[in-house]
Structure formats: structure tokens, C-alpha cells
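Single-structure report; data block below.
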Amino acid sequence: MYQKSQVLSSHLQKMIFEMELRGYSQYTKDHYLGHIRLLEKHTNKSAPQITPDELKKYLHDRIQAGIGYSSITISCSAFKILFNKVLG
Numbered sequence: 008m009y010q011k012s013q014v015l016s017s018h019l020q021k022m023i024f025e026m027e028l029r030g031y032s033q034y035t036k037d038h039y040l041g042h043i044r045l046l047e048k049h050t051n052k053s054a055p056q057i058t059p060d061e062l063k064k065y066l067h068d069r070i071q072a073g074i075g076y077s078s079i080t081i082s083c084s085a086f087k088i089l090f091n092k093v094l095g
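Residue numbers (this note's numbering): 8 to 95.
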């Protein structure tokens, strides 16, 4: 769970702003941020530096690891906000 006092990168702060505009619950905001952090950890890059091919590879790796499709769907929803609304 993120704390309002926690230091977040600018793209994560903007993502929170976008989610708050849409009325997302705290639970959803926490999970979406968690999926973004997993992507950044997996690629060892900040989200603005991640290419579309790296994003596809990450999702493929998660599917190959046996992660459920519901989790993949949540990841995709988080990535759509990040890459289309925040970074797009």
C-alpha cells in the first residue's frame, strides 16, 4: 500500500492522480501501483524507459510462469493507464 507521505517517482504520482480522477478505490490504486513496480523490477528500468516489446515480453514471461489470467488482466489495466494516460 502506498502512503501519501511516501516518496514516489513523478510517473507514479501522476498515475495516482489519474486513478483518483476516475474514483478508483484504495485497493485498486495499491494493486495497480504494485503491478507497475513489478514491471519496473522485472525490466530493471523506470516505466518511462520501458519499450512496447519489453512490456510484451514481461506479460509473456508472467503467463509462462503460471500467473493467472485475472492477474494479467489487472496488469494490463494498470499498464493502459500508465502508458496511455500518464506517459502517452
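A virtual CB, placed ideally from N, CA and C, is assigned to each residue, including glycine.
**OP:** Can you give me the start and stop residues for the alpha helix (DSSP H) that Leu15 sits inside?
**Re:** Per DSSP, Leu15 belongs to no alpha helix (DSSP H) and is neither H nor E.
Subject >> Nearest neighbour of Gly95, chosen from Pro59, Gly73, Gln71 and His67 [CA to CA] >> reply: Pro59
Original post:
Going by C-alpha distance, which of Lys64, Glu25 and Gln71 is nearest Ala85?
Top reply: Glu25
Subject >> Same chain, Cβ closer than 7 Å to Val93, five either side skipped, listed in chain order >> reply: His18, Lys21, Met22 and Glu25
Subject >> Local Cβ density within 10 Å of Tyr39, reported as buried at 16 or more and exposed below that >> reply: buried
Original post:
From Arg3 to Tyr34, what does the alpha carbon distance come to, in whole angstroms?
Top reply: Any property of residue 3 remains undetermined from this structure, which presents the chain solely from 8 to 95.
Original post:
chain B beta carbons: is any one of them nearer than 7 Å to that of Val93?
Top reply: Of the protein chains in the structure, only one exists, and it is not chain B.
Original post:
So what's Leu94 in DSSP terms, helix, strand or just coil?
Top reply: coil
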